[in-house]
Amino acid sequence: MTTLMIRVESEADWSARIVQAVERDEPQPPGYSFQTEEELLDTLTGNRFAILKALAGAGPIGVRELARRVGRDVRAVHADTQQLASIGLIDKTEDGKLHFPYDGVHIELGWRAAA
0 MTTLMIRVES
10 EADWSARIVQ
20 AVERDEPQPP
30 GYSFQTEEEL
40 LDTLTGNRFA
50 ILKALAGAGP
60 IGVRELARRV
70 GRDVRAVHAD
80 TQQLASIGLI
90 DKTEDGKLHF
100 PYDGVHIELG
110 WRAAA
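In structure tokens form, the structure reads like this:
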């Protein structure tokens, strides 16, 4: 089972984490990073998250079938999948089907009050 780890972290934090993992010879799960919490929440709307859930572990699916699975209009699902594909969260196959090559998603999101 392959899970995509989604985090909120700066490029500098991402680079530091990867360097430390390489130095320790620790394998890293597949990941995707957003720069801010707002960016993550603006991008992964409820409808787009439902699309990821429907695609997880399903293999390539056409947009019409995906729209049926999430109970939404084909045009709206197409627009959301275009956005997700443009940032690399989902893939498009050569025949135009949509593919999310993971079985699940883990989102790491947290904050603390400033000291």
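When we follow numbering that gives the first Met the number 0, the leftmost residue of the sequence shown carries the number 0, and every step to the right adds one. Quick reminder that beta carbons are idealized off the backbone N, C-alpha and C, glycines included. If you're wondering where the values come from, they're calculated on a predicted model, not measured in any experiment.
Opening and closing residue of the alpha helix (DSSP H) in which residue i lies
i	result
Phe48	45-54
Glu37	36-42
Limits of the beta strand (DSSP E) - the one that residue i falls within
i	result
Val3	The sequence shown places Leu at residue 3, rather than the Val named in the question. Residues 2-7.
Gly30	30-33
Which of helix, strand or coil DSSP assigns to residue i
i	result
Glu107	strand
Leu97	strand
Asp12	helix
Asp72	coil
Asp79	helix
Closest by C-alpha distance to residue i, when choosing among the options
i	options	result
Ser9	Thr1, Arg111, Tyr31, Glu25	Tyr31
Proximity of residue i and residue j at Cβ, strictly below 9 angstroms
i	j	result
Gln27	Val7	no
Ala66	Val76	yes
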